[in-house]
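Quick notes on the structure that follows.
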Amino acid sequence: MASSPQFDVAAFSNAARALWAKSGDKEARGTGDDPWLALPQHMLDSAGVADSLWTEWAPVSVRRAITGSAGVSDEDAHTLLTWLACVHDLGKATLSFQAQLDVKPEFARFLDRVRQAGLSPRMEMTERGMGRFPHALASGVIVQRWLASQRVPPPIGRSLAGVVDSHHGVPSQPGLRPRAHAVLEEYALKKPEWTAVHDELMTVAADVTGIRDVLSRLTTPIGASAQTLLTGLVIMADWIASNTEFFPLTSDGMAGDRRDAGLRAVDLTSPWTPSPPAPERLDEHLRDRFDWPGDYRARPVQRVVVDACAELTGPGLVIIEAPTGEGKTEAALTAAEILASSSGAGGVIVATPTMATADGLFRRVLDWSVRAAGTEALSMFLGHSKSALNTDYRNVRLHGVGGDSPSEGTVIASQWMSGRKKGILSNVTVATVDQVLFMALQAKHSMLRHLGLAGKVVVIDEVHAYDAYMSAYLRTALAWLARYGVPVVLLSATLPVQQKRDLIEAYRSQISDDGLGLLSDAYPLVTTVSRDGLHEAPVDSRPADLHASVEIIDDGLEVLEEQLSSATGDGGCILVICNTVRRAQAVFERLRETFPGEVELHHAAFIASARARKEERLRVALGPDAHRGGDRPERRFIVATQVAEQSLDIDVDLLVTDIAPMDLLVQRIGRLHRHDRPESDRPVALRSPRVLLRGIETLEPPVFDAGARAVYGPKLLLSTLAVLQTDVLEAGFRRPDDIAGLVQAAYGEEPPVPSAWTDVWDVACAESDAARADAQSRSRTFRIPLPGAAPNLDALFSIQQGNVDTEDGEAKGLAQVRDSDPSVEVIPILVTANGYRPLDASPEAVELNPDQPPADMAARDLAAATVRLPARLTRYADIFDEVVEQLERATPLGWQQSTWLKGQLALPLDAARSIELAGRTLQYDDDLGLRDTTPMSL
1 MASSPQFDVA AFSNAARALW AKSGDKEARG TGDDPWLALP QHMLDSAGVA
51 DSLWTEWAPV SVRRAITGSA GVSDEDAHTL LTWLACVHDL GKATLSFQAQ
101 LDVKPEFARF LDRVRQAGLS PRMEMTERGM GRFPHALASG VIVQRWLASQ
151 RVPPPIGRSL AGVVDSHHGV PSQPGLRPRA HAVLEEYALK KPEWTAVHDE
201 LMTVAADVTG IRDVLSRLTT PIGASAQTLL TGLVIMADWI ASNTEFFPLT
251 SDGMAGDRRD AGLRAVDLTS PWTPSPPAPE RLDEHLRDRF DWPGDYRARP
301 VQRVVVDACA ELTGPGLVII EAPTGEGKTE AALTAAEILA SSSGAGGVIV
351 ATPTMATADG LFRRVLDWSV RAAGTEALSM FLGHSKSALN TDYRNVRLHG
401 VGGDSPSEGT VIASQWMSGR KKGILSNVTV ATVDQVLFMA LQAKHSMLRH
451 LGLAGKVVVI DEVHAYDAYM SAYLRTALAW LARYGVPVVL LSATLPVQQK
501 RDLIEAYRSQ ISDDGLGLLS DAYPLVTTVS RDGLHEAPVD SRPADLHASV
551 EIIDDGLEVL EEQLSSATGD GGCILVICNT VRRAQAVFER LRETFPGEVE
601 LHHAAFIASA RARKEERLRV ALGPDAHRGG DRPERRFIVA TQVAEQSLDI
651 DVDLLVTDIA PMDLLVQRIG RLHRHDRPES DRPVALRSPR VLLRGIETLE
701 PPVFDAGARA VYGPKLLLST LAVLQTDVLE AGFRRPDDIA GLVQAAYGEE
751 PPVPSAWTDV WDVACAESDA ARADAQSRSR TFRIPLPGAA PNLDALFSIQ
801 QGNVDTEDGE AKGLAQVRDS DPSVEVIPIL VTANGYRPLD ASPEAVELNP
851 DQPPADMAAR DLAAATVRLP ARLTRYADIF DEVVEQLERA TPLGWQQSTW
901 LKGQLALPLD AARSIELAGR TLQYDDDLGL RDTTPMSL
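Okay, so the sequence shown: first residue is 1 according to full-length UniProt numbering, each after it adds one.
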């Protein structure tokens with residue numbers, strides 16, 4: 001701030017000090033029995049907070065993004081932000097705001113102060129005619145009119161006023177602005193005393209911040225990217241200054257003292273200061289960061305990544321393609337240290353496809369963060385809807401982690417930087433990829449998400465796992481990240497070259513006009529993209545660690561049973577992966593009759609807590625440290641859906657899998673002979689790895705199981721099968737040698753489809769093209785434009801829906817950025833004569849009263865026991881509404897009083913664990929999970 005931060009609010013006129021900005025009840029922090037805050041005080045508080053946010057919280061990368069887009073110096077941007085925060089609430093100096101509480105007698109005193117200060121309390125016709133006159137809109141108009149009086153060119157004035165206008169998370173409706181200008185014109189003509197207060201507040205704001213000199217240096221309007229980041233910072237400043245725990249509802253005290261005391265109470269953390277490794281000390285660095293043994297040596301992909309990142313000048317995109325087990329995650333975190341150091345980023349986000357993969361990575365990233373923090377305190381956030389149930393994250397929130405040795409920093413979960421809107425402002429975030437995709441979604445307060453991501457290195461894992469719809473959001477997000485100068489690291493074991501090209505072009509669109517040219521088909525490969533161009537660095541491949549035979553078997557359950565009986569006479573651990581829950585349940589029921597006590601089932605239709613326990617037991621039994629004669633079973637049959645593709649580190653002796661796209665088949669084969677183990681761990685008959693392929697009903701021409709067709713579409717299944725027949729069924733599959741070639745062939749423009757399949761192939765291609773075009777068209781409905789097509793904030797909110805600003809906003813946001821049917825998660829409970837019990841409670845457990853909130857621990861256990869309803873009950877709008885209405889009526893009323901359960905839906909089950917729901921019969925079985933047992937109609 002240009003002048004002394006010890007500015008006294010008493011220097012304002014009586015009229016200005018009579019205007020209120022915040023109010024509270026007698027329990028609110030303040031003095032006396034009349035807790036309220038004068039508008040000038042809130043202006044100074046907000047300006048002081050913004051001043052400190054720029055100097056102490058905002059990473060260098062965010063400041064560069066703002067100065068580069070706005071065309072101003074760092075000092076001028078600092079002044080600009082402080083001034084915008086100071087004036088953001090000037091619209092409260094209107095009768096629409098000051099008189100809004102007059103309808104309640106207990107608040108009449110606010111308007112009495114206005115009247116006694118000589119300000120007319122009578123609202124004129126134009127203002128009354130607006131019906132609703134949001135104070136953010138009024139603020140923008142007052143600021144714009146003052147800027148015009150300072151001879152600021154109108155386009156520049158509108159761009160600055162747009163930040164003020166949007167400080168509630170979305171711009172005002174453009175159609176309201178002419179009427180708002182008319183209201184302020186009427187003030188000037190009929191209420192000059194109000195206009196005088198506006199001028200006074202604007203003049204003091206200009207004097208306190210020193211904005212006039214900056215305005216004289218602005219030559220062009222500030223663009224959408226600078227507007228977005230500045231608005232995010234103004235929102236932060238406003239929210240902090242509005243918190244009565246930090247800034248009491250009293251105008252006593254000097255502005256600087258209030259600012260200092262308030263900010264001491266907020267647990268904001270400073271930007272991370274990384275300590276990247278010197279290339280010659282990489283081995284030592286990795287041992288220190290990941291607590292690896294003293295003889296550990298960097299793997300080839302880790303060394304190539306470090307060298308490639310060290311050569312980047314400016315922001316860039318790094319793509320790491322390598323098989324599972326090569327240390328890609330550790331390479332990405334090491335890259336984040338190098339890229340954060342060179343770009344000025346203040347943190348990192350690691351984004352994964354699912355909650356399960358995010359939870360699996362959280363502990364690893366947390367341990368790394370403690371060591372990477374140095375002597376600093378870093379804030380950490382787990383970004384998904386069930387983060388509160390994660391034990392490690394809960395421990396961070398309660399106690400913090402680290403600081404046990406001089407080489408360790410401290411990692412905390414900031415109380416202020418928590419929740420779905422502010423959590424991403426933390427230094428380190430582990431989240432589902434939706435938290436990045438939401439950046440491309442038109443949503444209220446999206447400026448905070450842009451601000452959080454603009455200050456980070458963004459790491460996206462399993463980037464191949466996103467369909468055409470999600471990829472459209474990802475490409476838009478990549479373009480905005482490139483516009484902000486954000487380094488991005490993409491990880492994949494199997495990335496089709498066209499998908500890689502699309503992602504590269506999305507990022508490069510903001511930093512280079514050069515053509516892309518051909519991309520290498522080398523594998524493993526590290527690709528970097530920057531203003532200097534594209535560079536590809538092949539990585540020395542590890543020796544082949546798997547040569548598996550692949551054969552197609554009949555899809556009948558009898559054939560499967562015979563194959564497994566024959567193969568496991570001497571034992572063995574078998575994984576059977578199915579494409580749908582119903583298909584997996586059918587396989588499980590058949591196999592458990594033949595192999596009683598030796599079969600287990602894994603899929604997403606188990607309650608979440610039970611699924612987590614089952615998966616943890618499976619990791620122990622089939623993990624790298626389990627051996628036959630110990631934890632590893634003599635014989636075990638694991639039946640699973642796609643949950644076994646990515647998040648389960650298990651090693652099986654034989655893989656049976658439904659047909660799936662080639663990249664996913666490669667992921668599934670990654671569970672076969674995954675770990676290097678003693679020969680005695682595998683039965684003699686299974687020491688040669690084998691893959692049995694199911695789900696193909698006929699071969700000439702191919703007809704696939706209906707579940708496979710519904711999940712993946714026929715085109716990719718046909719191209720995958722064609723490549724398998726050409727390159728794999730006779731020669732087998734070698735890992736990692738064959739991965740890249742097979743994936744690129746299956747996803748290429750001309751897969752080796754036999755001429756006998758021409759008709760079905762043409763139909764499949766037409767269906768795929770139509771589905772892709774439809775997905776991309778639907779994705780545009782809620783997607784923001786690319787940076788070059790967004791001249792201002794209005795363009796980012798063209799549909800004005802703000803649809804993820806509700807209590808169930810995360811679920812609604814997911815529905816926008818993922819191309820999937822609406823889903824409903826429920827908590828199964830057993831209804832009893834006098835109340836209900838959790839589904840996994842013993843019969844002797846105390847019954848819970850539906851009218852009372854459960855105890856905290858019981859409520860948390862219930863919240864962890866969610867399960868997703870079958871898609872057939874949520875796919876269609878009329879059935880969806882009927883389902884939700886029925887479950888809302890059946891949910892215990894006491895849940896609305898529970899922090900853990902508020903807003904959740906119960907699935908009330910009878911003694912047989914069944915329910916009739918929207919004409920369907922559902923039953924929960926501990927072995928099978930939730931299933932639809934409705935009799936088949938004839």
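Built from N, CA and C at the ideal position, the CB exists for glycine as well.
If you follow the beta strand (DSSP E) that Gly929 is part of, which residue opens it and which one closes it? For the purposes of this step, residue 929 is identified with residue 929 of the sequence shown, where counting begins at 1. Its beta strand (DSSP E) spans residues 929-932.
For the beta strand (DSSP E) containing Glu916, name the first residue and the last one. Residue mapping note: residue 916 aligns to position 916 of the sequence shown, counting from 1. Glu916 -> beta strand (DSSP E) spans 914-917.
Comparing C-alpha positions only, which one of Gln725, Thr720, Asp738 sits nearest to Glu749? The residue you call residue 749 lines up with position 749 of the sequence shown. Of the listed residues, the one whose Cα sits closest to Glu749 is Thr720.
With H, G and I counted as helix, E and B as strand and the rest as coil, what does DSSP make of Ile460? On the sequence shown, residue 460 is found 460 positions in, with the first residue counted as 1. The answer is strand: DSSP assigns Ile460 an E or B state.
Suppose the cutoff is 6 Å on Cβ atoms and the five residues either side in sequence are ignored; what does the same chain contact list for Val214 look like? Position 214 of the sequence shown, counting from 1, holds the residue named residue 214. Result list for Val214: Asp76, Thr79, Leu80, in chain order.
Helix, strand or coil: which one does DSSP assign to Phe782? To locate residue 782, count along the sequence shown from 1; it is residue 782. Coil.
Sufficient close CB pairs (3 or more, under 8 Å) joining the segment 333-351 to the segment 306-319: yes
Please state whether DSSP places Ser23 in a helix, a strand or coil. In the sequence shown, counting from the first residue as 1, residue 23 sits at position 23. If DSSP states are grouped into helix, strand and coil, Ser23 belongs with the strands.
What runs of the beta strand (DSSP E), each 3 residues or longer, lie entirely inside the segment 584-642? 599-602, 635-640
Just mark His181 as buried or exposed, buried being the case when its beta carbon has 16 or more other beta carbons within 10 Å. In the sequence shown, counting from the first residue as 1, residue 181 sits at position 181. With fewer than 16 other Cβ atoms within 10 Å, it is exposed.
Less than 8 Å between the C-beta atoms of Ile373 and Thr410, yes or no? The residue you call residue 373 lines up with position 373 of the sequence shown. The residue you call residue 410 lines up with position 410 of the sequence shown. The sequence shown places Ala at residue 373, not Ile. Cβ distance < 8 Å, so Ala373 and Thr410 count as in contact.
Restricting to Cα atoms, I'd like to know which of Arg592, Arg259, Ser541, Ala237 is closest to Arg735. Position 735 of the sequence shown, counting from 1, holds the residue named residue 735. Among Arg592, Arg259, Ser541, Ala237, the Cα nearest to that of Arg735 belongs to Ser541.
Is the beta carbon of Val656 less than 8 Å from the beta carbon of Arg694? Locating residue 656 in the sequence shown gives position 656, counting from the first residue. Locating residue 694 in the sequence shown gives position 694, counting from the first residue. In this structure, Arg694 lies closer than 8 Å to Val656 by Cβ.
Bridge partner(s) assigned by DSSP for His445: To locate residue 445, count along the sequence shown from 1; it is residue 445. DSSP lists no partner for His445.
In angstroms with no decimal places, state the Cα-to-Cα distance between Leu862 and Asp851. What you label residue 862 is simply residue 862 of the sequence shown in a count that begins at 1. What you label residue 851 is simply residue 851 of the sequence shown in a count that begins at 1. The straight-line gap from Cα to Cα measures roughly 16 Å.
Name, in chain order, the residues that DSSP records as bridge partners for Trp36. Taking the first residue of the sequence shown as 1, we reach residue 36 at position 36. For Trp36, which the question treats as bridged, DSSP gives the partners Ser23.
Count the other CB atoms, across all protein chains shown, that sit within 10 Å of the CB of Glu807; report buried if there are 16 or more and exposed otherwise. Taking the first residue of the sequence shown as position 1, residue 807 is located at position 807. Note that Glu807 scores a pLDDT of 46, beneath 50, so its modelled location is shaky and nothing firm can be said.
With DSSP collapsed to three states, give me the class of Val824. On the sequence shown, residue 824 is found 824 positions in, with the first residue counted as 1. Coil at Val824, not helix or strand.
When the Cα atoms are used, what is the spatial distance from Leu922 to Ala912? Counting from one through the sequence shown, the residue named residue 922 turns up at place 922. Counting from one through the sequence shown, the residue named residue 912 turns up at place 912. Those two C-alpha atoms are separated by around 10 Å.
According to DSSP, simplified to helix, strand and coil, what is Cys578? Stepping through the sequence shown from its first residue, residue 578 is reached at position 578. Three-state DSSP puts Cys578 in coil, outside helix and strand.
Could you tell me which uninterrupted alpha helix (DSSP H) segments, each at least 4 residues in length, are contained entirely in the segment 404-431, listed from first to last along the chain? 419-422
Secondary structure at Ser492, three-state DSSP: helix, strand or coil? Against the sequence shown, residue 492 aligns to sequence position 492. Three-state result, Ser492: strand.
Taking only the alpha-carbon atoms, compute the straight-line gap between Leu839 and Ala544 and give it to the nearest angstrom. Residue 839 sits at position 839 when you count from the first residue of the sequence shown. Residue 544 sits at position 544 when you count from the first residue of the sequence shown. Rounded to whole angstroms, Leu839 to Ala544 spans 47 Å at the Cα level.
Just tell me which of Thr429, Gln646, Arg837, Lys22 has its CA closest to the CA of Gly347. On the sequence shown, position 347 is the one that residue 347 refers to. The shortest Cα separation from Gly347 among Thr429, Gln646, Arg837, Lys22 belongs to Thr429.
Classification of Ala605 by the beta-carbon crowding that lies within 10 angstroms, buried from 16 upward: Numbered from its first residue, the sequence shown carries residue 605 at position 605. Label assigned to Ala605: buried.
Straight-line Cα distance separating Thr527 from Ala298: Walking along the sequence shown from the start, residue 298 turns up at place 298. Walking along the sequence shown from the start, residue 527 turns up at place 527. Whole-angstrom Cα-Cα distance: 19 Å.
Nearest neighbour of Met662, chosen from Ala746, Pro702, Ala685 [CA to CA]: Within the sequence shown, the letter at position 662 stands for residue 662. Taking only the C-alpha atoms, the option nearest Met662 is Ala746.
What does the Cβ neighbour count give for Pro155, buried or exposed, with the cut at 16 atoms within 10 Å? In the sequence shown, the residue the question calls residue 155 occupies position 155. When all chains shown are included, Pro155 counts as exposed.
Run through DSSP, which three-state label would Ile156 get? Indexing the sequence shown from 1 puts residue 156 at position 156. The answer is helix: DSSP assigns Ile156 an H, G or I state.
Through-space distance from Leu230 to His88, alpha-carbon basis: Here residue 88 is taken as the residue at index 88 of the sequence shown, counted from 1. Here residue 230 is taken as the residue at index 230 of the sequence shown, counted from 1. Cα-Cα distance, rounded: 12 Å.
Three-way DSSP call (helix, strand, coil) for Ser275 in this model: Locating residue 275 in the sequence shown gives position 275, where the first residue counts as 1. Residue state, collapsed to three classes: coil.
Alpha-carbon spacing of Gly129 relative to Ala188, whole angstroms: For this step, residue 129 is matched to residue 129 along the sequence shown. For this step, residue 188 is matched to residue 188 along the sequence shown. Their backbone Cα atoms lie some 17 Å apart in a straight line.
Identify whether Ala377 lies in helix, strand or coil by the three-state DSSP scheme. Residue 377 sits at position 377 when you count from the first residue of the sequence shown. Residue state, collapsed to three classes: strand.
If we ignore side chains and look at the alpha-carbon of each, how far apart do Gly533 and Ser509 end up? Taking the sequence shown and counting its residues from 1, one reaches residue 533 at position 533. Taking the sequence shown and counting its residues from 1, one reaches residue 509 at position 509. For Gly533 and Ser509, the distance between alpha carbons rounds to 12 Å.
Given Leu490, which residues of its chain have a CB within under 6 Å of its CB, disregarding the five upstream and five downstream residues? Here residue 490 is taken as the residue at index 490 of the sequence shown, counted from 1. Answer for Leu490: Ile319, Ile460, Val463, listed in chain order.
Per-residue DSSP class, three states only, for Tyr747: On the sequence shown, residue 747 is found 747 positions in, with the first residue counted as 1. DSSP places Tyr747 in helix when its eight states are reduced to three.
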